[in-house]
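The numbers in my numbering rise by one with no breaks, and the one at position 58 of the sequence shown is 60.
Quick reminder that beta carbons are idealized off the backbone N, C-alpha and C, glycines included.
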Amino acid sequence: IAEFGKGNFNAELEKFPGKKAFINENIELLRANVSRFIEDMAHMAQEHDAGDIDVSIPTESYKGSFQTMAKGVNDMVNGHIAVKKKAMACIAEFGKGNFAAPLEKFPGKKAFINDTIEKVRENLQGVTAEAATLSKAADSGELSVRADETKYAGAWKEIIHGMNQTLQGFMVPMDEIGK
């Protein structure tokens, strides 16, 4: 039992004689349940790592606190998957052009997901607004108006720069016509 407490579920147990044999039976039942639980968790983890996120620990094959533990592990994993699915649903809407797609506020340390998605949303909406500003200015004949590249970084800045360069490219022939 001391070895079980240390996590060694392969520890040898001498066979008790006669009426004391029930001790062996109960200890072996404990060993079997803990070992099976470990195997089920390892199987679940392996399948999830391989992409099969529907695999869970079969709670019906356990009784009592072992069943409670299995249900707890399944609930925890399903909770993490649910958060990922909600975040990906929002991103999928971004892919369809719906930059106003709602996303619930996640609690605690999960809030980093909201922060990340909101930064992407901010950039998508910003680039959209810059394009609308340029379009409106061009419609009004204000061909010198440019988008503000300083608001952006990385590829977002490259997109804005490209829009500005495209407009500048149109300006060169226009300037030549005006001469």
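Could you tell me the boundaries of the alpha helix (DSSP H) in which residue i lies?
i	result
I3	From DSSP, I3 is part of no alpha helix (DSSP H); its letter is neither H nor E.
G74	66-97
T135	113-141
I25	23-51
Any idea if residue i is buried or exposed, counting beta-carbon neighbours within 10 angstroms, 16 or more meaning buried?
i	result
E132	buried
A113	exposed
M173	exposed
L136	buried
I119	buried
Could you work out which residue in the options is closest to residue i when comparing CA atoms only?
i	options	result
L32	L105, F6, K86, D117	F6
I40	F18, F24, E27, G9	G9
K87	M71, K65, D56	D56
G171	G156, A4, R148, A157	R148
Straight-line CA distance for residue i to residue j?
i	j	result
F11	E106	43 Å
P60	E30	21 Å
E151	I161	9 Å
E49	P19	43 Å
A94	E16	60 Å
A140	F108	42 Å
T70	A89	29 Å
Report task. Examine the Cβ distances between the region 91-101 and the region 119-127 and report whether three or more of them are shorter than 8 Å. Result -> They touch, by the three-pair rule.
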